[in-house]
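Numbering (our numbering), first residue to last: 652 to 979. Where is the CB? At the ideal position from N, CA and C, for every residue including glycine.
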């Protein structure tokens, strides 16, 4: 079972100005900790952390973790890396560097400070899985030379480095394999399915389904995912991972689009396009390990999580309720 924080800590969150990192920082500060947010602002944005700049227990450092970092902290959450296809395919070499060199630098820091370090890995390490749902002992079905490989293989290499540093130097490691996560502060143009569908629905544009729309994903609300990350960090030192973190409820892309249309009140219809290269047909986590080792499971159903996500997207896209109704 996960244990509670015993005292105030100074915690490093790389990628802290991003979608997931900023929510994690909010939670850590709410729990009474000091947080150092490190981000190069390539995909992160100051808007996500503006509300924290005057907080006495928050510090921000603009830094690229491809280069060494010398700070004093008690824990490290390594979340830095572009996580959407549009962003990581924009500069695939840099994406790989961020995963690999970033892991090396954070592990080096953890080794010097003798502190635990958590790696945010991804369900993409499973590729287009032949096992369903995916358990942590499944080695995956990944194309090592495709257009998505910079992200998938970079994360796989980072996992390798974490275990090698653990075996060679005794570093306390934690690895979370994160499945599709959504919520407020997602970048509206990141190319991910939730933001794509919501943006099209709010503009009353046809929602783009790739293939027949029957490929499946599981969607975890960001608040639940943050709880899982903290539970993993605070788990017994023998719990290293990898641990799947995600929501096991599975939906087709057509079902997701229909729910977004209904909740947003959109007039959107559907349009179809061919499937992208290496796009997995199905993805769903087996979270038995998280339930048993961390006492964690997601609590927020899809419809409940979509409501604040759509509200945030409407505000971010500058589509007011009046404009939306007028366009409808």
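Tell me whether residue i sits in a helix, a strand or coil according to DSSP, three-state version.
i: residue 870; result: coil
i: residue 719; result: coil
i: residue 972; result: At residue 972 the pLDDT is 44, less than 50, meaning the model places this residue with poor confidence and gives no usable figure here.
i: residue 901; result: strand
i: residue 801; result: helix
i: residue 854; result: coil
i: residue 669; result: coil
i: residue 732; result: coil
i: residue 948; result: coil
i: residue 727; result: strand
i: residue 837; result: coil
i: residue 740; result: helix
i: residue 677; result: helix
i: residue 697; result: helix
i: residue 772; result: strand
i: residue 885; result: coil
i: residue 781; result: coil
i: residue 806; result: helix
i: residue 786; result: coil
Can you find the residues in the same chain that come closer than 6 Å, C-beta to C-beta, to residue i, ignoring five residues on each side of it along the sequence?
i: residue 965; result: 853
i: residue 879; result: 896 and 947
i: residue 926; result: 861 and 862
i: residue 670; result: 836 and 837
i: residue 963; result: 835
i: residue 712; result: 689
i: residue 795; result: 804
i: residue 908; result: 848 and 858
Would you say residue i and residue j are within 8 Å of each other, going by their C-beta atoms?
i: residue 826; j: residue 716; result: no
i: residue 958; j: residue 849; result: no
i: residue 782; j: residue 730; result: no
i: residue 902; j: residue 858; result: no
i: residue 668; j: residue 750; result: no
i: residue 844; j: residue 868; result: yes
i: residue 766; j: residue 793; result: no
i: residue 953; j: residue 886; result: no
i: residue 933; j: residue 866; result: yes
i: residue 723; j: residue 752; result: no
So residue i and residue j are in contact, right, with Cβ under 8 Å, and what is the actual spacing, rounded?
i: residue 883; j: residue 769; result: 6 Å
i: residue 833; j: residue 873; result: 7 Å
i: residue 830; j: residue 930; result: Rounded, the Cβ-Cβ distance is 15 Å, inconsistent with contact.
i: residue 691; j: residue 673; result: Not really, about 15 Å apart at Cβ, beyond 8 Å.
i: residue 746; j: residue 838; result: Going by Cβ atoms, the distance from residue 746 to residue 838 rounds to 16 Å, so no, they are not a contact pair.
i: residue 780; j: residue 791; result: 7 Å
i: residue 680; j: residue 728; result: Their Cβ separation, rounded to whole angstroms, is 13 Å, which puts residue 680 and residue 728 out of contact at 8 Å.
i: residue 1054; j: residue 733; result: Because the chain spans 652 through 979 in this model, residue 1054 falls outside it and cannot be assessed.
i: residue 802; j: residue 762; result: 26 Å between Cβ atoms; not a contact.
i: residue 904; j: residue 864; result: 5 Å
i: residue 708; j: residue 744; result: That pair is no contact at about 36 Å.
Report the option in the options whose CA atom is closest to the CA atom of residue i.
i: residue 906; options: 870, 687, 712 and 881; result: 870
i: residue 772; options: 876, 920, 704 and 710; result: 876
i: residue 797; options: 778, 788, 785 and 814; result: 778
i: residue 937; options: 903, 693, 760 and 899; result: 899
i: residue 824; options: 892, 807, 780 and 791; result: 892
i: residue 846; options: 767, 865, 741 and 968; result: 968
i: residue 935; options: 787, 707, 725 and 724; result: 787
i: residue 807; options: 851, 940 and 748; result: 748
i: residue 659; options: 726, 711, 820 and 913; result: 726
i: residue 774; options: 804, 904, 915 and 911; result: 804
i: residue 710; options: 740, 677 and 741; result: 677
i: residue 706; options: 683, 696 and 718; result: 683
i: residue 888; options: 754, 718, 742 and 822; result: 822
Using a Cβ-Cβ distance cut-off of 8 Å, determine whether residue i contacts chain B.
i: residue 742; result: You won't find chain B in this structure, because it holds only one protein chain.
Looking only at its chain, what residues have a beta carbon closer than 7 Å to the beta carbon of residue i, apart from the 5 residues adjacent to it on each side?
i: residue 856; result: 919
i: residue 720; result: 689, 714, 756 and 760
i: residue 928; result: 797 and 798
Quick one: what's got a C-beta closer than 8 Å to residue i's C-beta in the same chain, skipping five residues either side?
i: residue 675; result: 664, 667, 728, 730, 877, 880 and 881
i: residue 972; result: Here residue 972 scores only 44 on pLDDT, less than 50, and its place in the model should not be relied on; the value that follows carries that caveat. 965, listed in sequence order.
i: residue 789; result: 777, 780 and 782
i: residue 697; result: 668
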